[in-house]
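2 protein chains.
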Amino acid sequence: MASDLRFLILVEGQFGPLSSKTANSCIRYTPDRVVAVIDSRFAGQTVHDVLGFGGAIPVVGTLADGLAAHPTALLIGVAPQGGRLPDDWRTTILGSIDAGLDVWSGLHTFLTHDAEFAEHARKRGVTLHDLRLPPDELPVAAGRVREVDATVVLTVGSDCNIGKMTAALQVRDGLARRGRAVRFAGTGQTGILIEGWGIAVDAVIADFIAGAAERLVLEAAHGADIVLVEGQGSLIHPGYSGVTLGLLHGSLPHALVLCTQPSRTTITNNPWITIPPIADVIAIHDALTRPLRHAPVIAVSLNTYDLSDRAARDAIARASDETGLPATDPVRYDPEPIVQAIDAFHAARTRNTSPRAAAIR
Amino acid sequence: MASDLRFLILVEGQFGPLSSKTANSCIRYTPDRVVAVIDSRFAGQTVHDVLGFGGAIPVVGTLADGLAAHPTALLIGVAPQGGRLPDDWRTTILGSIDAGLDVWSGLHTFLTHDAEFAEHARKRGVTLHDLRLPPDELPVAAGRVREVDATVVLTVGSDCNIGKMTAALQVRDGLARRGRAVRFAGTGQTGILIEGWGIAVDAVIADFIAGAAERLVLEAAHGADIVLVEGQGSLIHPGYSGVTLGLLHGSLPHALVLCTQPSRTTITNNPWITIPPIADVIAIHDALTRPLRHAPVIAVSLNTYDLSDRAARDAIARASDETGLPATDPVRYDPEPIVQAIDAFHAARTRNTSPRAAAIR
């Protein structure tokens, strides 16, 4: 990915801690690439004012004001449920193209398949990047990840949009500091944007979800000790569980990190589904990995952004007590408990697959 | 679907009891529509000679011989893993189009998206039917099936290609005879071909699997007492489990019929996965329906085509003993045990949702 990227992020009417995941993750992990954010409701404020992080990056009210910050590309900063493009954003996107900006998008509606966008981009000589556009030919998965030497760790969750990508990114540096060659495998538009490669497994044809995950892990494993696979959705999410299970069975992880939010009691947009206790969520994952290759949950990652410090620390202690596993909020506190769990698991697994151990098995 | 359909079925090199599922199901359920089958290996024999059912329908060796039977359409009779078109079939398909036949296909590679096929069809004035082509706009599922009054029954399986569509079709007539308004909801190319409508849930974009299933059941439920949803794949299939879970959570069945094959010990094309005992397979389904809406397995459908009569009857008795559930092979023997289980479940459920019971819940 070009290192001189300077994003103007479009989140008109949707900028906020929970409503603009793509924008927020780009701001958190690659702030040097963000020159301004468009949401007229917060024009004149800074990103920090709205999100509580992100520093002095300005929020502007119009495309013209955003262009004054000299961006090289427009980034669509949301991925709404279903992933389709808000109609009233077309004008801003066309204006950006005509102003000479590339456009990056993680929507299901591909910009490159839109005749008007494609024609404007061609005329102006700019590039449209569809982060979710899948590769042309994908296999049906068949357990090919079993041939991989690297330890594969997948983040899973009790709901969607709960911290699965964030947990993986937050522990990466800690594993690297311990001398592990670690690779992040992005499976959604935001992870792909941050990392510069990946496959959006929710955008492939249904028969090839696991095949896409399999290909991704095989690629990520080259030269890696540990592959951290970005999880998607939840096995109990009524809309996205198929993607979640395909990713689980295609990536064939050795171990799982479970991501939860203590204050969340029901599934996003589905108040009729009560999120079960952590132990039950773990049992569901055990039931689905055992027949293929058992992947134990080895740590719990909590999203406590909406709790007081005391309540957050209590929730972390309770999660650890209930499961007997290391637990932390890897954004708010030290990610080290999860780092240590993954590192120890990898060390034990590597010992167990030494030539002698392999001969015995 | 046009009632004057006369299919010539293309299965060159692949005709057989286990290798040509689309062809075989079309022959079993709509034999009046089939005029000939192309597989040069069996030219001169009858369909019954090859499959053990299907009567005197001739097998021919060439397209020219097939055209002599006066078909109105060519049907692609296979849906290989991954669903792509064998390259050497292009000539036969082009020849059929040029001879004035419509073409029906359940492949993932859409005939209508193939420039050469589309151009030939346009010139000759014939129609290309892609059974797997999904609707344009699908929702993300959110439990909308909860509003449906009909009893929704989904067939599930311990593997793919094990009898899920067949089980649903075999019990339909028995339920109708008991006075139930029953509707079959096709979810794969073969079910759609037989029934004339449906959505191929394995061919939609991954985020919309459950949404496709939801839309399908809402449509099928109009005026129905019982909706029989055709299952897909298996929750323990490494390639297709995502489709299976999306279908389970989108169709939100009230009850499940579990389909197994006693002689099958490992997953198709994946000998590294041992199929667990029936009770364990049931427990996996319980774990995944409980958080949304619990759907008990209420009967077991066995595929015993490769067993002796005695071995088949033993296997059925054993399955019933192990699970405490009614069991039968609904193709080989009387489907009545499964029919009775669904009928009784529907009756009990209808009693429980009487106004008084509803007020208590």
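Note that the protein sequences, when read in sequence, are chains A and B. The first sequence: position 98 = 318 (the numbering used here), numbered continuously. The second sequence: position 202 = 422 (the numbering used here), numbered continuously. Each residue gets a CB set at the ideal place from its N, CA and C atoms; glycine is no exception.
Separation of Ala396/A from Ala444/B, as counted between CA atoms:
Sequence index remark: in the second sequence, residue 444/B carries index 224 (1-based). Sequence index remark: in the first sequence, residue 396/A carries index 176 (1-based). Spanning the two alpha carbons is a distance of roughly 59 Å.
Mind checking if Ile258/A is an interface residue toward chain B, Cβ cutoff 9 Å exclusive?
Locating residue 258/A in the first sequence gives position 38, where the first residue counts as 1. Chain B, which has no Cβ nearer than 9 Å to the Cβ of Ile258/A, makes this no.
Assign Asp462/B to one of three DSSP states: helix, strand, or coil.
Here residue 462/B refers to the residue found at position 242 when the second sequence is read from its first residue. Just to set this straight, residue 462/B is Gly in the shown sequence, not Asp. Helix.
CA-CA distance, Arg398/A and Ile446/A?
Here residue 398/A refers to the residue found at position 178 of the first sequence. Here residue 446/A refers to the residue found at position 226 of the first sequence. Looking at the two C-alpha atoms, the distance is approximately 12 Å.
Interface flag, Ile296/A vs chain B, CB-CB below 9 Å
Along the first sequence, one-based indexing puts residue 296/A at 76. So no, Ile296/A is outside the interface.
What three-state label does DSSP hand Trp324/A in the structure shown?
Locating residue 324/A in the first sequence gives position 104, where the first residue counts as 1. Here Trp324/A sits in strand by DSSP.
Looking at the C-beta of Asn381/B, does it have a partner C-beta in chain A at a distance below 9 Å?
If you number the second sequence from 1, residue 381/B lands on position 161. False, the Cβ-Cβ gap to chain A never drops below 9 Å.
Would you decide whether Pro497/B is buried or exposed? Buried here means 16 or more other CB atoms lie within 10 Å of its CB.
Here residue 497/B corresponds to residue number 277 of the second sequence, with the count starting at 1. Exposed, by the Cβ-count rule.
Does the beta carbon of Gly431/B come closer than 9 Å to any beta carbon on chain A?
What you label residue 431/B is simply residue 211 of the second sequence in a count that begins at 1. Closer than 9 Å: yes.
Does the segment 471-481 of chain A come close enough to the segment 499-508 of chain A that 3 or more CB-CB pairs lie under 8 Å?
yes
Counting only Cβ-Cβ distances shorter than 8 Å, please list the residues of the segment 321-345 of chain B near chain A, keeping chain order.
His328
Just list the residues that DSSP pairs Pro278/B with in beta bridges.
Against the second sequence, residue 278/B aligns to sequence position 58. DSSP output for Pro278/B lists Thr266/B as bridge partner(s).
DSSP state of Phe404/B, grouped into three classes?
What you label residue 404/B is simply residue 184 of the second sequence in a count that begins at 1. Phe404/B: strand per DSSP, three-state reduction.
Name the residues in the segment 465-499 of chain A whose C-beta lies less than 9 Å from a C-beta of chain B; which are they?
Leu465, Gly466, Leu467, Leu468, His469, Gly470, Leu472, Ile487, Asn489, Asn490, Trp492, Ile493, Thr494, Ile495 and Pro496
On the CB-based measure, 16 or more other CB atoms within 10 Å of its CB, does Asn523/B come out buried or exposed?
On the second sequence, position 303 is the one that residue 523/B refers to. The residue in question, Asn523/B, is buried, as its Cβ has 16 or more Cβ neighbours within 10 Å.
Is Gly377/B near His469/A, with beta carbons less than 9 Å apart?
For this step, residue 377/B is matched to residue 157 along the second sequence. For this step, residue 469/A is matched to residue 249 along the first sequence. No, the pair does not count as a contact, with Cβ atoms beyond the cut-off.
DSSP state of Pro557/B mapped onto helix, strand, coil:
In the second sequence, the residue the question calls residue 557/B occupies position 337. Reduced to three states, the DSSP call for Pro557/B is helix.
With Ser521/B as the anchor, note down where its beta strand (DSSP E) starts and where it stops.
By one-based count along the second sequence, residue 521/B stands at place 301. From DSSP, the beta strand (DSSP E) with Ser521/B extends over Val517 to Leu522.
First and last residue of the uninterrupted beta strand (DSSP E) at Asn490/A
Position 270 of the first sequence holds residue 490/A. Residues Asn490 to Thr494.
Does Leu230/A come within less than 9 Å of chain B when only Cβ atoms are used?
Taking the first residue of the first sequence as position 1, residue 230/A is located at position 10. By this cut-off, Leu230/A is not an interface position.
For Val391/B, the first and last residue of its enclosing alpha helix (DSSP H):
On the second sequence, position 171 is the one that residue 391/B refers to. It spans Lys384 to Arg397 - the alpha helix (DSSP H) in which Val391/B sits, taken as one unbroken run.
Quick check: what's the CA-CA separation for Ser240/B versus His328/B?
Counting from 1 along the second sequence, the entry for residue 240/B is found at position 20. Counting from 1 along the second sequence, the entry for residue 328/B is found at position 108. Going from the Cα of Ser240/B to the Cα of His328/B covers about 16 Å.
CB Leu351/A to CB Gly320/A, shorter than 9 Å?
One-based indexing of the first sequence puts residue 351/A at position 131. One-based indexing of the first sequence puts residue 320/A at position 100. No, the pair does not count as a contact, with Cβ atoms beyond the cut-off.
Among Gly459/A, Ile487/A, Gly408/A and Thr371/A, which one has its Cα closest to the Cα of Leu476/A?
The residue you call residue 476/A lines up with position 256 of the first sequence. Closest by alpha carbon: Thr371/A.
Rounding to the nearest angstrom, what Cα-Cα distance links Asp252/B and Val365/A in this structure?
Mapped onto the second sequence, residue 252/B falls at position 32. Mapped onto the first sequence, residue 365/A falls at position 145. Rounded to whole angstroms, Asp252/B to Val365/A spans 46 Å at the Cα level.
What residues from the segment 358-373 of chain B come within 8 Å of chain A, judged by C-beta to C-beta, listed N to C?
Pro359, Val360, Ala361, Ala362, Gly363 and Arg366
Can you tell me whether Phe227/A is helix, strand or coil according to DSSP?
Along the first sequence, read from residue 1 onward, the residue named residue 227/A stands at position 7. It is a strand residue.
Could you check what DSSP says for Asp334/A in three-state terms: helix, strand or coil?
As a working mapping, residue 334/A is identified with position 114 in the first sequence. Looking at Asp334/A - three-state DSSP - the assignment turns out to be coil, as it is neither helix nor strand.
Using the Cβ count rule (16 or more neighbours within 10 Å means buried), how would you classify Ala420/B?
Locating residue 420/B in the second sequence gives position 200, counting from the first residue. Buried: at least 16 other Cβ atoms inside 10 Å.
For Phe235/B, is the classification buried or exposed, using 16 other Cβ atoms within 10 angstroms of its Cβ as the cut-off for buried?
For the purposes of this step, residue 235/B is taken as the residue at position 15 of the second sequence. Answer is buried; the Cβ neighbour count reaches 16.
In chain order, what residues of the same chain lie with their CB nearer than 6 Å to the CB of His566/B, ignoring the 5 residues before and after it?
Stepping through the second sequence from its first residue, residue 566/B is reached at position 346. Thr371 and Ile446, listed in sequence order.
Is the CB of Asp356/A under 9 Å away from at least one CB in chain B?
On the first sequence, residue 356/A is found 136 positions in, with the first residue counted as 1. No, because no Cβ of chain B sits closer than 9 Å to the Cβ of Asp356/A.
Answer with yes or no whether the minimum CB distance from Val463/A to chain B is below 9 Å.
Position 243 of the first sequence, counting from 1, holds the residue named residue 463/A. So, interface residue.
Per-residue contacts from Ala441/A into chain B (C-beta, under 9 Å):
Within the first sequence, residue 441/A is the residue found at index 221, counting from 1. Simply none; closest approach about 17 Å.
Residue burial classification, His457/B (beta-carbon count within 10 angstroms, cutoff 16):
Your numbering for residue 457/B matches position 237 in the second sequence. That one is buried.
Contact set for Gln560/B: own chain, Cβ-Cβ below 7 Å, skip 5 residues either direction
The sequence position of residue 560/B within the second sequence is 340, counting from 1. For Gln560/B, where only same-chain residues beyond five positions count, the Cβ hits under 7 Å are Pro546.
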